[in-house]
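Residue numbers (my numbering): 1013 to 2127. Have a look at the structure below, then the notes.
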RNA sequence: GCGGGUGUGGUGAAAUUGGUAGACACGCUAGACUUAGGAUCUAGUGCUUUGCGGCAUGGGGGUUCGAGUCCCUCCACCCGCACCA
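Structure follows, in structure tokens:
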């Protein structure tokens, strides 16, 4: 259907430019001859040009989407004319939330809607005439594709990052290292307190070993916060939460901790940062990535908590003989280590099992295991909640004490003790966890008595250790684990209240609202490592738990936010910058000397930083540290429409489906050994229980073997009898959207390979992507993840390059241009734009497709919606003029323009050239259909150089004139240069100038027009082919012609018209030979009447002559 | 808030290395041809001024013989901020 505003055409002349016919014919011809099929090997140099992977949404393409595709298509076609073997593929990022959301709403299966959307996208893309090799199409939701997504995930799962060699290595090699020398040479990235020798490692059970290995794997499990919506029973994405409630239904949401998969991208932080330097990306883009990675160097500083300050009500009767959370420095660390080791040698499967539910604050309290209390070692303890959990210890060696006596003793120390049996923990885990949760709820969070004693400390990260003497307070993130422990009774209510407030705030809000200073004093004090002065400890929302250590040292005289905070809460400010700090504003500049700072006084920032770190290390109160803002990438989604994980849980311990699970399970049992793990078909997309994804509802699929499986319980194996390794379940989360898109550029190289993700020969040949075009919205997501995947695959020897995209070009957005009509309040009468202020009106949106420029098609408007059928109009100059505004192009704003409509009306060639003509590729601009007329006129005018509309082709074999050759070669030079620098809009302008001039010269000569039409081929391939084959009678396709070489000799001018300025203002124009000498020019210029007039008789002070550019006389 | 981007006629823009600001188009005005015009062609079109000229690249300041371009500062708008893809 034509848009309303565009009227019908008149019948064409016999040889008029009939784009509809031309484009249809050549598309069919090209298709039939498979002209876009690309071989994997060739004598020609290769060139890999890639568009960013589209997600096929239900709305279809609008005119903004193809902008980058057209640019890359022109570049690809140009490179082909220049003799390259060009890989230019396209496919679909087909997994994703919108399809699943749509499924929930309409009941249609995501596979079906995705299929439909892809078909529509394909049709729209074909319409525009792209040169994609569709035989290489990939879809992330195709099992043949995600088989390899899962395979790569397993490579990451089976790898660790060697910090010495700066590369990923197979986890089997790590096991070999552990067998020989323990982990002494390889600090555990997941938990740097883990430390063991080879002997200790060998005594660990398989479960324990795997737990340790999990802390090293590049794909690993940990716990993370997600938005949980009780009412919807599901986990929500960030953008499904609006203003603290669910976007759907407006239900309350809360943060919930869940076990999730992560990619250890932080291990690659430094490499991702340094190898940016070699990429041809815009500085802006590199800067965004650098910023995201956020490398900062500084120091970690320990502030010990003050045991004496402040005075407390009621005094402290008997400080509990707890060794503190980090047992006292001098005495107990060795002991603790020893105990830990002893216990880890003899854990039970039950303990391991329970630990999975307790670790990492899952239940809202920090638990420690195998912790020393008095003379006992308890299984699990939450110091903040005074809760000890013990599991029946009959397997324990050494610590089997009379349980009752033990409990009594511990309770005397102020702890509550819960005991569970092995059986309870293993078979009734849910009940056990529930009980623990209940107990945690009842348990007052740590009374302060004695709790902040010992060697407890707060660790802060600072980039300015030189300002250590300016520390006036510490600030903890409100979620910091020590907050409960250190808060004094007087401050408890205030802290609780403040934490409730913070809970309601998103991370974004906490960072952005900087004017409003909020915070709360904990009542606790820390001790300054050098001055030993007490430093008050606050909590405030501007400190985020996820950054650094979740705690900062505040230096108000040197930091804006700290300054505002100190002023707001009347905290005295120590000035360490002398006169540079005025008292009104923090001095955050890094120039000048440090004052009032003990041994740092008088030093520069750089020197003081080094000296401070040195001193801190000497007194063991801190150390040098590099910090990254980058966090590990969450890789689990509680969704249906994504790649299933190739992971099974054997009694809750995750294994890759490619692992040999014997002796418990023979390899291949339950069909787990082969990839892909296919996404099972479901009829309901409802979330599973407890925030799990919909796959959790498929119990048959999830449970490969269950404990009460009659076949097994009839003849229990020895391990089953021992209560171990009973059930085998599948992972029910799916992978996020970026999984499939992190490596798709590799699959295009060898898309049908069934035995590898891509053959080494293919990846070696095509190598890096030479040109990648896409939007800046992918700056820190997709572009970072695919860089990491590439590096990991490189490290493991699967590919020969470690950066995926050599050159990156960002396209701007095409915005919508919305139209508005003005209804007089309380009536159905609309008043034209110019008169709208005469009466009170309401602005209503009008579909941009029924407006011609600014003028409303009144009849179309009446037909648009029933409520406007009888609308009346107050016109101006006989027209109804609409208001206009530039906004994002979206359905709800009625400003979407469909490329299909434009192509139908003007043809694909016009559409392609117009999109380029709009402006520079990387700049955002609004779409205006009106302007397309100019480009269309140009193509028609160009056509008329070759054909008379009434009589037919009129190309002659006459010899070209100098003027004709000049304009041709000027054009060839500019087109070549401009395509190479991706300036496509100026190419179009140059074509227009060229055609205008040739029309003026009445040129119809083959010698001029044939090279011109080849140069036009990347932009208007259909018209070029029609002219090339039918007009110029060539027998092969123009797509494989050779791009004509321009020759300087035709362009060179022998004289230049110089602008002549007097005192910088242009006053005349004079022509001189190209090689004129300055003396001659000077004489001629100074003798010129116009110049003399403007010199007003003054003598020239200076004569500036820039050869070929301009002349300036200074008087 | 942090990070990034963009500001030039009524509109999209050009000016590639600091050298005649507004190329090329849209729109508009007038005209030609025409049964007709949304085809085609011609002329005009930054603002201001009768003219000479003056003023103009978001605002202000600076460097320079010369600044849209370099520097400082302020303002406006757009994009991203970790589960949209």
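Where is the CB? At the ideal position from N, CA and C, for every residue including glycine.
Rounded C-beta distance between residue 1831 and residue 1860? I'm assuming under 8 Å.
5 Å
For residue 1581, which three-state DSSP category applies?
coil
Limits of the alpha helix (DSSP H) - the one that residue 1436 falls within:
1434 to 1439
What does the alpha-carbon distance come out to for the pair residue 1260 and residue 1254?
9 Å
Once the 5 residues before and after residue 2109 are set aside, which same chain residues still bring their CB inside 8 Å of it?
none
State the Cα-Cα distance for the pair residue 1551 and residue 1239, rounded to the nearest angstrom.
23 Å
Among the residues of its own chain, which have a CB less than 7 Å from the CB of residue 2084, if the five just before and after it don't count?
2067, 2068, 2070, 2093
Between the C-alpha atoms of residue 1215 and residue 1192, what's the straight-line distance to the nearest angstrom?
13 Å
So residue 1890 is in the alpha helix (DSSP H); what residue range does that whole segment cover?
No alpha helix (DSSP H) contains residue 1890, which DSSP labels as neither H nor E.
Own chain partners of residue 1827 with C-beta closer than 8 Å, once the 5 adjacent residues on each side are dropped:
1076, 1898, 1899, 1900, 1901, 1936, 1937, 1938, 1939
Between which two residues does the alpha helix (DSSP H) containing residue 1626 stretch?
1617 to 1630
Note down the Cα distance separating residue 1561 from residue 1942, rounded to an integer number of angstroms.
57 Å
Exposure label - residue 1010; buried when at least 16 CB within 10 Å:
In the structure displayed, the chain extends from 1013 to 2127; residue 1010 sits before or after that span and is not available.
Are the segment 1601 to 1610 and the segment 1476 to 1488 touching by the rule of at least three beta carbon pairs closer than 8 Å?
yes
How is the alpha helix (DSSP H) around residue 1221 delimited, first residue to last?
1218 to 1226
Going by the DSSP bridge assignment, what does residue 1239 pair with across the sheet?
1248, 1267
Simplified DSSP assignment, three categories, for residue 1025:
coil
Residue 1783 to residue 1377, Cα distance in whole Å?
50 Å
Quick check on this structure: which residue in 1070, 2095, 1235 has the alpha carbon closest to the alpha carbon of residue 1648?
1235
If you draw a straight line from the alpha carbon of residue 2122 to that of residue 2006, how long is it in whole angstroms?
26 Å
Using the C-alpha atoms, what's the distance from residue 1581 back to residue 2129?
Because residue 2129 is not part of the residues shown, which for the chain are 1013 to 2127, the question remains open.
Delimiting residues of the beta strand (DSSP E) encompassing residue 1899:
1895 to 1899
Quick one: using the 10 Å Cβ neighbour count with 16 as the cut-off for buried, is residue 1906 buried or exposed?
buried
Could you check the C-alpha separation between residue 1800 and residue 1807 for me, to the nearest Å?
10 Å
Considering only the alpha carbon of each residue, which of 1498, 1947, 1542 lies closest to residue 1998?
1947
Between the C-alpha atoms of residue 1304 and residue 1771, what's the straight-line distance to the nearest angstrom?
33 Å
Distance, residue 1366 Cα to residue 1744 Cα:
20 Å
Rounded to the nearest angstrom, how far is the Cβ of residue 1542 from that of residue 1570, given a contact under 8 Å?
Not a contact, Cβ separation roughly 16 Å.
Under 6 Å Cβ to Cβ from residue 1960, same chain only, skipping five residues before and after it: list those, please.
1966
So within the segment 1736 to 1775, which uninterrupted beta strand (DSSP E) runs reach at least 3 residues, ignoring any that extend past its ends?
1740 to 1742
In chain order, which beta strand (DSSP E) runs of at least 3 residues are fully inside the segment 2051 to 2121?
2067 to 2074, 2077 to 2085, 2114 to 2118
By the 10 Å Cβ neighbour count, where 16 or more other Cβ atoms means buried, how is residue 1759 classified, buried or exposed?
buried
How long is the line joining the alpha carbons of residue 1990 and residue 1048, rounded to whole angstroms?
24 Å
In three-state DSSP terms, what is residue 1461?
Summary for residue 1461: the model assigns pLDDT 34, below 50, so the residue's position carries little reliability; its value from the coordinates is reported in the next sentence. Residue 1461: coil per DSSP, three-state reduction.
Check whether the Cβ atoms of residue 1575 and residue 1538 lie closer than 8 Å to each other.
no
Between the Cα of residue 1301 and the Cα atoms of 1518, 1944, 2101, 1797, which residue gives the shortest distance?
1797
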